[in-house]
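Taking it in order: structure first as structure tokens, then the write-up.
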Amino acid sequence: MTTYVYAVTPAPPPELPKDVVGVGDPPRAVRVVREGELAAVVSECPPGTRPRRRDLFAHQRVLTMVAAAGPVLPLRFGSVCPDDDAVRDTLAEHAAFFRDQLESVVGRAEYNVKAIHREEVVLRTLLAEDARIRELNQATRVRGGAHRDRLELGQLLAEGVYRRREQDARAVTEALGPYAERVHRGVAGADRVLNLSLLVGREEAAGLLAAIEAQREDNPQLELRVTGPLPPYSFVRTPPAHETEAAR
């Protein structure tokens, strides 16, 4: 039976409800493996277990519960060690590294903000601001427009949308950044303006959420989605374990 590892925490470890279960079919009880000043939150994982969507949710649920109790170093989904002794060996070998990482997130949590353009609002704004776009738009509406006019209109709209994406991403980052100790801008993707992770202290969390609401009010062209508080996924690193690999 291999050992599935969710997170590393300081010792003594946080107290979790006795009925907490994690990954597996059936789900396995979550427990703690301790080594010196560190502890790992783990559960049993039969060899050859194939990760499923429900296991991902279970992994996230356990991490959220642990993070609510104190500092946590979350491990990636699917991290396993051959057994509990291998977990202890890893904690001992990388003890200084783990302690430094945990110290960097004490009293802090991650908030993720995703910004998406409301396309119809952006297009209306571009029409209002650019006389040439209005002219070409009217021409294509009334007469169908020449081919070159349609091409020019499409190019101007694409350039305008891109420009607004950059402007809005920069403005939101500048507005929210002061509330965070560290900021990580992730890949936004084709349909998003911004994918922003912020490491925020407890005393700054209310200010951050208020700033997000202000951005919503000031930017009708943006849909802002906030998730948090979360374990500090984007702001910690983990060293390679003796035999940590994706469960499969």
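With the numbering used here applied, the sequence shown covers 12 to 259. For glycine and all other residues, C-beta sits at the position ideal for the given N, C-alpha and C. Given the structure is predicted, the values throughout are model-derived calculations rather than measurements.
Rounded to whole angstroms, the gap between the alpha carbons of VAL172 and PRO189 is 27 Å.
One alpha carbon belongs to ARG72, the other to VAL19, and they sit about 15 Å apart. Looking at the backbone, the Cα of ASN206 and that of GLU234 are separated by about 12 Å. The count of Cβ pairs closer than 8 Å, one atom from the region 173-184 and one from the region 145-162, stays below three, leaving the stretches out of contact.
In terms of Cβ geometry, THR184 and CYS92 do not form a close pair [threshold 8 Å].
Three or more Cβ pairs drawn from the region 56-70 and the region 27-34 lie within less than 8 Å of each other, which places the two stretches in contact. Secondary structure at GLU146: helix, using DSSP grouped into helix, strand and coil. Taking a 10 Å sphere around the C-beta of GLU26, we find fewer than 16 other C-beta atoms and assign the residue as exposed.
Residue burial annotation: MET12 is exposed, with fewer than 16 other C-beta atoms found within 10 angstroms of its C-beta.
In the DSSP assignment, GLU140 forms no beta bridge with any residue.
Boundaries of the alpha helix (DSSP H) around LEU219: 213-229.
In its chain, beyond the 5 residues on either side, THR14 have a beta carbon closer than 6 Å to the beta carbon of ASP94. Contact between LEU74 and PRO242 holds: their C-beta atoms lie close to 5 Å from each other, under 8 Å. When the five nearest sequence neighbours on each side are left out, the beta carbons in the same chain lying within less than 7 Å of the beta carbon of VAL133 are those of VAL172, ARG175 and GLN232, in order along the chain. Counting along the chain, the unbroken alpha helix (DSSP H) around ARG65 starts and ends at 64-80. Excluding sequence positions up to five before and after ARG42, its CB lies within less than 7 Å of the CB of VAL53 and SER54, all in the same chain and listed in chain order.
In the DSSP assignment, ARG119 falls within the unbroken beta strand (DSSP E) covering 119-128.
Here the C-alpha atom of PRO24 lies approximately 8 Å from the C-alpha atom of ALA51. The C-beta of GLN112 has 16 or more other C-beta atoms within 10 Å across all chains shown, which makes the residue buried. Taking the Cα positions, ARG110 is about 8 Å away from LEU49. By a beta-carbon distance limit of 8 Å, ILE127 does not contact ARG248. Their separation comes to about 29 Å. Taking a C-beta distance under 8 Å as the contact criterion, ALA222 and LEU210 do not qualify as a contact pair.
Here LEU168 is near LEU137, since their CB atoms are less than 8 Å apart.
Close CB contacts of VAL83 within its chain, under the 6 Å cut and outside five residues either way in sequence, are with ALA18, THR20, VAL77 and PRO242 (chain order). When DSSP reads this structure, LEU86 sits in no beta bridge, so it has no partner. If you look at GLU185, you'll find it in the alpha helix (DSSP H) that goes 158-187. When rounded, the separation of the alpha-carbon atoms in ASP100 and LEU220 is 41 Å.
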